[in-house]
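Presented below is the structure to which this report refers.
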Amino acid sequence: MDDPNPEPSKYTCNTVNCLGNYSTIYAGLIVDAVLDSAILRGKLTELVRLWPILGGGLIKDTEPWSFTCGSTVDYASRDINQSLATYLPIRQEQNSHEPKIMKSPEISAVDEKFIFDVPPNLANSFRLRVTLLRDATLLCFGITHNILTAMIAGK
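For the sequence shown, the working numbering gives the first residue as 52, with consecutive numbering after it.
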């Protein structure tokens, strides 16, 4: 499903922050249902096709830095034969259909439940990690800090 001929266009980064090159922002989402991994990958591929900056990379030898468009889909999934209550023991309210911010004294332990199989040298700007449990799905979206900084500075 990847576009074999992505346009070689670039987006200009309106700010140059050397720390942003090494920072990725991750957001985790718990879905109280088991989602289909193939559909999630297909939807991520569609998102990258619609917004190709997510499948591109950062060029640091331009002034200012710029982003390339691309079709790289950074997706990984894993199946864990555990319930959500066992895998991620957090206090959950029954019948709550509102978003909640999870608080944990050991946030690094929570990170390990969501973030996996991420190479040390990231080639593209956006990734999705999916953990399929017996009764839930954990989604972890990662986006490089540079894209967020460029979007904010561009306004």
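Don't be surprised by glycine CBs; every beta carbon is placed ideally from N, CA and C. From a predicted model like this one, the values you see are computed outputs, not experimental measurements.
Coarse secondary structure for residue i, derived from DSSP in three states
i    : result
S117 : strand
G108 : coil
T137 : helix
I81  : strand
I166 : coil
E149 : coil
P103 : helix
L86  : coil
Residue i beta carbon near the ligand ZN (any heavy atom closer than 6 Å)
i    : result
S117 : This structure does not include the ligand ZN; it has no bound ligands of any sort.
Contact with chain D by residue i, beta-carbon distance below 7 Å
i   : result
G79 : In summary, chain D is missing from the structure at hand, where a single protein chain is found.
Residue i and residue j closer than 7 Å at C-beta
i    : j    : result
N175 : G93  : no
L139 : K111 : no
T188 : V85  : yes
F177 : L105 : yes
D87  : L135 : no
L101 : L179 : no
Residues that residue i bridges to, as DSSP identifies them
i    : result
L183 : D130, T188
T75  : T195
D125 : R178
Problem - Cβ pair count under 8 Å reaching 3, the segment 186 to 197 against the segment 73 to 81 - result: In this structure the segment 186 to 197 lies against the segment 73 to 81, because at least three pairs of beta carbons, one per stretch, are closer than 8 Å.
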